[in-house]
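Take a look at the structure below.
2 protein chains.
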Amino acid sequence: MKPELKNQYEARARIIKAIAHPSRLFIIEELEKKERCVQELTDMIGSDMSTVSKHLSVLKNAGIIGDRKTGTSIFYYLKTPCILNFLGCIEDVMTINLKQQGDVLKLCRRKG
Amino acid sequence: MKPELKNQYEARARIIKAIAHPSRLFIIEELEKKERCVQELTDMIGSDMSTVSKHLSVLKNAGIIGDRKTGTSIFYYLKTPCILNFLGCIEDVMTINLKQQGDVLKLCRRKG
DNA sequence: TGCTTATTTGGCAATTTAGCCAAACATGGG
DNA sequence: CCCATGTTTGGCTAAATTGCCAAATAAGCA
Chain A
-5 MKPELKNQYE ARARIIKAIA HPSRLFIIEE LEKKERCVQE LTDMIGSDMS
45 TVSKHLSVLK NAGIIGDRKT GTSIFYYLKT PCILNFLGCI EDVMTINLKQ
95 QGDVLKLCRR KG
Chain B
-5 MKPELKNQYE ARARIIKAIA HPSRLFIIEE LEKKERCVQE LTDMIGSDMS
45 TVSKHLSVLK NAGIIGDRKT GTSIFYYLKT PCILNFLGCI EDVMTINLKQ
95 QGDVLKLCRR KG
């Protein structure tokens, strides 16, 4: 693979990697509804605030979310709502997987 | 976060994680064009065949690709083409990021 | 200035991931 | 059966990721 093409794929992988975490998926969906500060998200997720803060910085570095300072709070918002379309496709993958696992199960029952 | 909801997010994150690698992104796009065997993909990517084989098994376990045995070769194919729509969104994120970096640059020049 | 609230950063241990090599496994042909 | 071809698996090391705690930073207010 040519280095130039490889860079392209690496850049895309970096962004996808930023999405690929349960808490970060939750944050993305939550921020689609409304902007939120670190403490609110921390309460919802239930891990340490420093952990949530780091997740937010991962998403921010990837360019997926932005932030806005108000007083002592920092509100985060979703910059690219198209991310959510993509999440729909992930649901499709999961549905197909479930269906196929079901088929295998049926087959086993028929044989047994 | 409730354990049940957490499982949902973990399941989705697992699938996205499977996509989040340069070589695996390449494989997905290549398989959309036509099905391919391990050796063909190995030649295109340029890493060890065992490495490519492992990438393929990651994608297969995630339910994104399937395989078909023919003689001594195993051909892999894309099971869920909707994955590609999602990749379009990643492009959008990258474009926005580039644009904003450009704006910052312009601002610096204006000030300097 | 000192206090409180909100958030980030540094550091550390545990876990996961990546990629190479060598060895094992499968399949078709002589 | 033995060999060649195509693929996967095991083992290993290096690197990245995660999450917690404690400490540092920032901003508003008495």
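Respectively, the protein sequence lines represent chains A and B. Take the first sequence: its position 35, counted from the start at 1, is 29 in our numbering, and no numbers get skipped. Take the second sequence: its position 41, counted from the start at 1, is 35 in our numbering, and no numbers get skipped. Virtual Cβ for every residue (Gly too), placed ideally from N, Cα, C.
Q: Would you please state the rounded distance, in angstroms, between the beta carbons of B/Tyr70 and B/Leu50? I believe it to be under 8 Å.
A: Indexing the second sequence from 1 puts residue 70 of chain B at position 76. Indexing the second sequence from 1 puts residue 50 of chain B at position 56. Yes, they are in contact, since the Cβ atoms of B/Tyr70 and B/Leu50 sit about 6 Å apart, within 8 Å.
Q: Please go through the stretch -2 to 67 of chain B and give each complete alpha helix (DSSP H) segment of 4 or more residues, from N-terminal end onward.
A: Runs found: 16 to 27, 32 to 39 and 43 to 55.
(Q) Against chain B, with Cβ distances strictly below 9 Å, would A/Val87 count as a contact? (A) Residue numbering aside, residue 87 of chain A sits at position 93 when the first sequence is read from its first letter. Cβ-Cβ to chain B under 9 Å: yes for A/Val87.
Q: Decide if the stretch -3 to 17 of chain B is in contact with the stretch -2 to 11 of chain A; the criterion is three or more beta carbon pairs, one per stretch, under 8 Å apart.
A: Yes, the stretch -3 to 17 of chain B touches the stretch -2 to 11 of chain A.
Q | Bridge partner(s) assigned by DSSP for A/Phe69 | A | Walking along the first sequence from the start, residue 69 of chain A turns up at place 75. A/Cys31 and A/Arg62.
Q: Measure the C-alpha to C-alpha separation of A/Val46 and B/Ser67 and round it to an integer number of angstroms.
A: Sequence index remark: in the first sequence, residue 46 of chain A carries index 52 (1-based). Sequence index remark: in the second sequence, residue 67 of chain B carries index 73 (1-based). Straight-line spacing of the CA atoms in A/Val46 and B/Ser67 works out to 46 Å.
Q. Can you name, in chain order, every residue of its own chain whose Cβ lies under 7 Å from the Cβ of A/Leu19, other than the five neighbours on each side?
A. Working through the first sequence from its first residue, we reach residue 19 of chain A at position 25. Correct list, in chain order: Ile13.
Q: Output yes or no for whether 9 Å exceeds the beta carbon distance between A/Met88 and B/Met38.
A: On the first sequence, residue 88 of chain A is found 94 positions in, with the first residue counted as 1. On the second sequence, residue 38 of chain B is found 44 positions in, with the first residue counted as 1. No, the pair does not count as a contact, with Cβ atoms beyond the cut-off.
Q. Any idea if A/Leu(-1) is buried or exposed, counting beta-carbon neighbours within 10 angstroms, 16 or more meaning buried?
A. Taking the first residue of the first sequence as position 1, residue -1 of chain A is located at position 5. Counting Cβ neighbours within 10 Å, A/Leu(-1) comes out exposed, since fewer than 16 surround it.
Q: Report back the beta-carbon spacing between A/Leu72 and A/Ile59 to the nearest angstrom; my notes put them in contact at under 8 Å.
A: Locating residue 72 of chain A in the first sequence gives position 78, where the first residue counts as 1. Locating residue 59 of chain A in the first sequence gives position 65, where the first residue counts as 1. With 8 Å as the limit, A/Leu72 and A/Ile59 qualify as a contact, their Cβ atoms being about 6 Å apart.
Q.
9 Å is my cut-off, CB to CB: does B/Ile68 come that close to chain A?
A. Position 74 of the second sequence, counted from the start, is the residue given in the question as residue 68 of chain B. No, its Cβ sits nowhere closer than 9 Å to a Cβ of chain A.
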